[in-house]
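*Asks:* Structure provided below as structure tokens; questions to follow.
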Amino acid sequence: MAKNLVIVESPAKVKTIKKFLGSNYEVMASQGHVRDFPKSQLGFDAENHYEPKYITIRGKGELLAALRKEAKKADKIYLATDPDREGEAISWHLIAALKLDENGKTKKVYRIAFNEITKNAVKEAIKNPREIDMNLVDAQQARRMLDRMVGYRISPLLWAKVKRGLSAGRVQSVALRIIATREEEINAFIPEEYWNLEADFAIPGEKKPLTAKFYGTTDEKLPVKNKAEMDAILQALKKKGVKFEVTNVKKGERTRKQPLPFTTSTLQQEASKALNFSTVKTMRLAQQLYEGVEIKGQGTVGLISYLRTDSTRVSEEAQKSAADYIKETFGDTYLGSEQKPKKEKEGKIQDAHEAIRPTDIRRLPGEVKDQLPRDLYRLYQLIWKRFTASQMAPAVYDTTSVHIDGAGYRFTVSASKVRFDGFMSVYTEADEEKASPNTLLKDLDKNTALKLSELRESQHFTQPAPHYNEASLVRALEELGIGRPSTYAPTISTLLARRYITKEGKNIYITEIGEVVDKMMVDAFPQIVDVNFTANLETLLDKVEEGEIQWKVIVENFYPDLDEAVNLAEKELENVEIADEVTDVICEKCGRNMVIKYGPHGKFLGCPGFPECRNTKPYLEKIGVPCPKCGKELVIRMSKKGRRYYGCENNPECDYMVWQRPSGKLCPKCGKMLLVKGSKLACEDAACGYTEARPKEEA
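Residue numbers (the numbering used here): 39 to 737.
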């Protein structure tokens, strides 16, 4: 009979940890939180010093009964929930829900935490138990209560003034404000004209010309703002007798530092850029890698360390293991020196965690590739490469900079060549800069005479800041101090679920309803959507975690102002009506034009005569391409598992369907449909193999 009980959060960890600890330990899962605020109430008593009210979460009764039964049998109980504020709070709630004596009078109850699910880490945690850290618990309680205050007081106001189904959130409303601000900047942007000039110079003894860029005069940089200015420069450069010569050649060295290992934020950003993963998908896959996957000959193994962290610290053991591997595989010259963690933002870095890294650097991606689903493998490979690179030496470039002068103007050429690849032998970021293609510079000396062979001017216009995508929004939230590692993905998914924002390709756009909600929040609750105010709240929560501030002080100062603002908004805010989009589909029951409605599963067509007429139909979004099989319209459909595909509106009579978006063009080789695949159009018949470049205006 097991003498000890270990309680973890996720059932996925149970089998792995049980294997590490043996028959003297029973391992069970709480399956997340077991207690929370009541759904129908705010969950605290403002008249009684904001005392929280917790109840058992519905559906957890049988689980808690099973946990209590095992707890009675055990001599020692180890609470092994996740190593963060949320995990600490779950352990604290378990003590209350299971009626355990945390002071050890009747049962010995210990809190243990491990950063990775490996045998060494778990056994080391068992050897070094501790008490519940109430500072962590209080920080989580304060965050939960602040979020509940904003959500439960403002959301009903949105239902009354706009429409049901909307919500406000302490972090989500600020994120929406950030997106709306960018949209306003883009809409207000006025493009400005500017011109670029390139020159090709013939070099004695060289077949290929040297291309240089216009810099300005020999004294200063000169932006060219219009055609008249460009024409004046061209006229001076094209005069007879103008000589061009190299006036300066500067050779040097540039070092490119190795990257830091991943934090939650940087992992989400890089997975978006390199793998095209959403933040939610990245976190879901990372959770699987952390909790463990089945590896042949090893059983279930946790492949990465804890995934919710804003620290770039690496343990000494992991550093030593990486150093040994790098020296053996690449040689001593490739081993880097220890990096100081980067200070990403003001506030406390949760340094109890490490950076995200592989649990064993010698578990190479290639060795587990066949045992992992494709996306899981790709994310593991990304984490492994980034961590390995972070422990390697910097890359070294040889650089050359050249000044070419003539007619009082200056052109410049710069080139770089990798002398030592260092960490780049393992990893380069998705948007890594590329080395200059110029290779002629080694033959240039000061006072080398050059012959101008061609001048190429080009007109351009300044562009507004780009729309946010998930990666850039996560970066903005982190830089501004909004939210914490665990909140980025759910914040974005909530905004999408509420239809406050939409995604087209990778870009995020605010919707009409998002604009209405944002304007209402700005008008009625400017403090809630103020970036600095929200960032300051995060700093205060960090201070609670450090034991510098009592958590009730924060909520006592926050709620009265919020309560006053809500009461004022209820009186002063006008109702906003968002009209349903009218379609050309006629309701066969009453003859009205049906409108687009939104339900839990997305769009559908409803009769505007509701409740007199309750007719509804599926909404089929046409893509403007005829079905190649029957000639009717192709529409976007969803599979039972939620995957999007393209099929005929005449289904089931016509069974045409494809997973990629049809382009409307037919294959010139076999006559079948060309499908959109990245920057190319490809025949839907793989055996045909025809491809062509996708038109730039569509790509």
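Beta carbons: idealized from backbone N, C-alpha and C, even for Gly.
Which two residues bound the contiguous alpha helix (DSSP H) that contains Phe58?
*Replies:* Counting along the chain, the alpha helix (DSSP H) containing Phe58 begins and ends at 49-59.
*Asks:* Touch check for the region 242-249 and the region 553-572: three-plus C-beta pairs under 8 Å?
*Replies:* They do not touch, by the three-pair rule.
*Asks:* Let's test the definition: count the other Cβ atoms within 10 Å of the Cβ of Pro649 and tell me whether it reaches 16, buried, or not, exposed.
*Replies:* Answer is exposed; the Cβ neighbour count stays below 16.
*Asks:* Suppose contacts are defined by Cβ-Cβ distances below 8 Å. Is Thr317 in contact with Ala527 by that definition?
*Replies:* Yes, these two residues count as a Cβ contact at 8 Å.
*Asks:* Count the CB pairs spanning the region 420-440 and the region 363-375 that are closer than 8 Å, and state whether there are at least three.
*Replies:* Yes, the region 420-440 touches the region 363-375.
*Asks:* Whose CA, out of Phe315, Thr320, Thr426, lies closest to the CA of Lys358?
*Replies:* Nearest C-alpha to Lys358: Thr426.
*Asks:* Grab the span of the beta strand (DSSP E) containing Asn173 for me, first residue to last.
*Replies:* Run containing Asn173: none in the beta strand (DSSP E); it sits in the alpha helix (DSSP H), 172-199.
*Asks:* Enumerate, from N- to C-terminal direction, the unbroken alpha helix (DSSP H) stretches of 4 or more residues contained entirely within the region 496-536.
*Replies:* Complete alpha helix (DSSP H) runs here, min 4: 508-518, 526-535.
*Asks:* Determine whether the beta carbon atoms of Lys51 and Ile192 lie at a separation below 8 Å.
*Replies:* Cβ atoms of Lys51 and Ile192: not closer than 8 Å.
*Asks:* Against chain E, does Phe449 count as a neighbour if the rule is that its beta carbon must be under 8 Å from one of theirs?
*Replies:* The structure shown has no chain E; it contains just one protein chain.
*Asks:* Have a look at Ser343 and Lys670 and give me their C-alpha separation to the nearest angstrom.
*Replies:* Cα-Cα distance, rounded: 52 Å.
*Asks:* Specify the secondary structure class of Glu291 as computed by DSSP and reduced to three states.
*Replies:* Three-state result, Glu291: strand.
*Asks:* Let me confirm a value: Leu606 is counted as buried when at least 16 other C-beta atoms fall within 10 Å, else exposed. Which label applies?
*Replies:* The residue is exposed, with fewer than 16 neighbouring Cβ atoms inside 10 Å.
*Asks:* For Glu516 and Gln307, I'd like the C-alpha separation in whole angstroms.
*Replies:* One C-alpha to the other measures close to 11 Å.
*Asks:* Would you be able to state if there are at least three C-beta pairs under 8 Å between the region 493-506 and the region 222-234?
*Replies:* Contact holds: three or more Cβ-Cβ distances are below 8 Å.
*Asks:* Select from Glu332, Ser531, Ile399, Phe252 the residue whose C-alpha is nearest the C-alpha of Val464.
*Replies:* Ranking Glu332, Ser531, Ile399, Phe252 by Cα distance to Val464 puts Ile399 first.
*Asks:* In the DSSP assignment, find the beta strand (DSSP E) that holds Leu327 and state where it starts and stops.
*Replies:* Per DSSP, Leu327 belongs to no beta strand (DSSP E); it is in the alpha helix (DSSP H), 317-329.
*Asks:* In whole angstroms, what is the alpha-carbon distance linking Asn62 and Ile95?
*Replies:* Roughly 30 Å between the two C-alpha positions.
*Asks:* Can you give me the Cβ contacts of Arg457 inside the same chain, cut-off strictly under 8 Å, excluding the 5 residues immediately before and after it?
*Replies:* Once the five neighbours on either side are set aside, the close Cβ partners of Arg457 are Glu291, Val434, Tyr435, Asp436.
*Asks:* Please name the residue, chosen from Ser129, Ala159, Arg220, that lies closest to Gln179 on a Cα-to-Cα basis.
*Replies:* Nearest of Ser129, Ala159, Arg220 to Gln179, Cα basis: Ser129.
*Asks:* Within the same chain, show all residues whose beta-carbon is closer than 7 Å to that of Lys157, passing over the 5 residues directly before and after it, in chain order.
*Replies:* Excluding residues within five positions, the ones whose Cβ falls inside 7 Å are Phe58.
*Asks:* Label Cys686 either buried or exposed according to how many other C-beta atoms from any shown protein chain fall within 10 Å of its C-beta, with 16 as the threshold for buried.
*Replies:* Its Cβ being crowded by 16 or more others within 10 Å, Cys686 is buried.
*Asks:* Is the beta carbon of Gln210 sitting closer than 8 Å to the one on Thr577?
*Replies:* Contact: no.
*Asks:* When you compare only the Cα positions, how much space is there between Phe82 and Glu553?
*Replies:* When rounded, the distance between both Cα atoms is 32 Å.
*Asks:* Cutting at 6 Å between CB atoms, please list the residues of its own chain near Pro76, excluding the five before and the five after it.
*Replies:* Closer than 6 Å at the Cβ level, and outside the excluded window around Pro76, lie Ile93.
*Asks:* If you follow the alpha helix (DSSP H) that Val212 is in, where does it begin and where does it stop?
*Replies:* From DSSP, the alpha helix (DSSP H) with Val212 extends over 210-226.
*Asks:* For the region 274-285 against the region 436-453, do three or more pairs of beta-carbon atoms, one drawn from each stretch, fall closer than 8 Å, so that the two count as touching?
*Replies:* Enough Cβ pairs lie closer than 8 Å, so yes.
*Asks:* What residue does the alpha helix (DSSP H) around Ala159 start on, and which one ends it?
*Replies:* Ala159 -> alpha helix (DSSP H) spans 157-165.
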